[in-house]
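Okay, so here's the structure we're looking at.
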Amino acid sequence: MDRISKFTSAAITWRERIANANTIMLVTHVNPDGDAIGSLIGLMMALPQLTDAEIIPVLQQPIPVYLDWVQGIEHSVAIGADKPWPNPDLIIAVDCASAERLGGIAPQHMHHITHTAVIQIDHHATNTLFAVDNLILPDSCATCEIVTEFLPYLGITVTAGIATPLLLGIMTDTQSFQIYDTTAKTLSLGASLFTAGADHARIVSKVFRSTRLEALTLASRVINDMHTHGKVVWCGVPLSWVDELNATDDESDEALLMLQRIEGPEVIMLIKQRSQGVKISLRSRAVNVASVAKKHGGGGHIHAAGINFADHSIDSAAALLLPDLMALCTDLSASTNRSA
Ligand SMILES: [Mn+2]
């Protein structure tokens, strides 16, 4: 089915389901990022144009500081074990590849999801199609990009309050239009959000220019201890460094962003120590790091993937993964030579 047919057919289902619902719950993935929060809040602001239904935006709490300024996010709630299930007659899931990854809902309540109509919108190629209507477009770089394109099919006019969270999601998932799958469509949808009044200056200042000095200090220490193996570079983040420098676990991702700016490496690996085991983040320019992640029990996208190990140290995880990552780069130079 082509893109327009997908949107047209999803719009029919969505309009009917939304019109018939009295209580609509919006949900997204655990540890929500800019795209998860942007698409969820964007829809929350948009739905009142179609319905008087009660809208319940569910987000894992607390909201990360760099995203907690988004207008409307103050209405978001987590459905903890101590709270009753609000009995929505429709659940809309955004930016979430599988039902198991939904966040903000206590495990005790998760079984309700299988008994409720779920429709979803997402861009993960690995989406398990867990809803009754699945609008999945893996060639979009952000779920917010799909939502921006879809809203007119629903008959919704994009206001400034809708445009800001949607632009936020596009800018965070594309690293401000830098990732390689950014397309002309991404830019033109971004432009339409500008025209609709999105608060670009606020996004830039809150998301991209509010890094704490502690995070940069940690990143510089991490990068000082960088290991290079051909085209693969890797760094470890011991918990003791995070504590010592008064940084947070999230803030060690700043090191990952800085490593991606170095000229030369093909694959970047950041290994964060956890209280149990380690968390691995992989990034690449051309090669498919998701293949290595999958082989070792992780997952993700071609250029950004991850793995959790419950029983490895930083050094043992590096020793385990380096041969596979270096082999990816060998394949790359072989194919480059052939084409040359
Ligand atoms: Mn996303």
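Just so we're aligned, residue 449 is where the sequence shown starts under my numbering, counting upward by one.
All residues carry an ideal CB built from backbone N, CA and C; glycine is no exception.
Source: prediction; values computed, not measured.
**Study point:** Start and end residues, alpha helix (DSSP H) containing A703
**Key:** D701 to L707
Check your understanding: E425 by DSSP, collapsed to three states: which one?
Key -> As displayed, the chain neither begins before 449 nor continues past 788, which places residue 425 out of reach and without an answer.
Practice item. May I ask which residues mark the beginning and end of the alpha helix (DSSP H) holding G486? Key: G482 to A494
Review point. Secondary structure at S524, three-state DSSP: helix, strand or coil?
Key: coil
**Study point:** beta-carbon T634 near ligand 1 non-hydrogen atom, thresh 6 Å
**Key:** no
Practice item. Could you spell out the range, first to last residue, of the beta strand (DSSP E) harbouring S624? Key: Where S624 is concerned, there is no enclosing beta strand (DSSP E), given that its DSSP letter is neither H nor E.
Point to revise | Assigned exposure category for P613 - 16 Cβ within 10 Å defines buried | key: buried
Check your understanding: From T461, L704 and T630, pick the residue whose C-alpha is nearest to that of Y601; which is it?
Key -> T461
Check your understanding: For I716, which of T696, P512, R657 and T676 has the nearest alpha-carbon?
Key -> T676
Review point. Among residues of its own chain, excluding the 5 on either side of S658, which ones have a beta-carbon nearer than 7 Å to its beta-carbon?
Key: Y514
**Study point:** Proximity of L498 and L488 at Cβ, strictly below 7 Å
**Key:** no
Exercise for review: Inspect the CB distances between the segment 695–711 and the segment 654–674 and report whether three or more fall short of 8 Å.
Suggested key: yes
**Study point:** Residue interval of the alpha helix (DSSP H) (run including N736)
**Key:** N736 -> no alpha helix (DSSP H), and no H or E assigned at all.
Practice item. Within the same chain, show all residues whose beta-carbon is closer than 8 Å to that of A649, passing over the 5 residues directly before and after it, in chain order. Key: none
Review point. Under the three-state reduction of DSSP, which class applies to Q556: helix, strand or coil?
Key: helix
Review point. Just to check, is the beta-carbon of T591 closer than 6 Å to a non-hydrogen atom of ligand 1?
Key: yes
Check your understanding: Hey, how far is the Cα of L773 from the Cα of V680?
Key -> 7 Å
Review point. Nearest to L730 by CA position, among A765, D759 and C544, is which residue?
Key: A765
Review point. What did DSSP end up calling K727 once you bin it into helix, strand or coil?
Key: strand
Review point. Less than 6 Å between the CB of D587 and some heavy atom of ligand 1, yes or no?
Key: no
Check your understanding: Using a Cβ-Cβ cut-off of 6 Å (strictly less than) and excluding sequence neighbours within five positions of R786, which residues of its own chain qualify?
Key -> Caution applies to R786, whose pLDDT of 43 falls short of 50 and renders its modelled position unreliable; the model cannot decide the point.
Review point. Hey, would you say the C-beta of D393 is under 6 Å away from at least one heavy atom of ligand 1?
Key: Residue 393 lies beyond the range of the chain shown here (449 to 788); nothing can be said about it.
Practice item. Quick one: residues in its chain with C-beta nearer than 6 Å to the C-beta of M493, no 5 flanking neighbours on either side, listed in chain order? Key: G520, G609 and I610
Practice item. Report buried or exposed for I452, applying the criterion of at least 16 other Cβ atoms within 10 angstroms of its Cβ. Key: exposed
Review point. Going by the C-beta, is D629 closer than 6 Å to any heavy atom of ligand 1?
Key: no
**Study point:** Length of the line joining the Cα atoms of E714 and L769
**Key:** 15 Å
Review point. Exposed or buried, which one is F757 when buried takes at least 16 other CB atoms within 10 Å?
Key: buried
Check your understanding: Should D543 be counted as a contact of ligand 1 given a C-beta to heavy atom distance under 6 Å?
Key -> yes
Review point. Which residues in the same chain as D481 place their Cβ atom closer than 7 Å to its Cβ, once the five residues preceding and following it in sequence are excluded?
Key: T620
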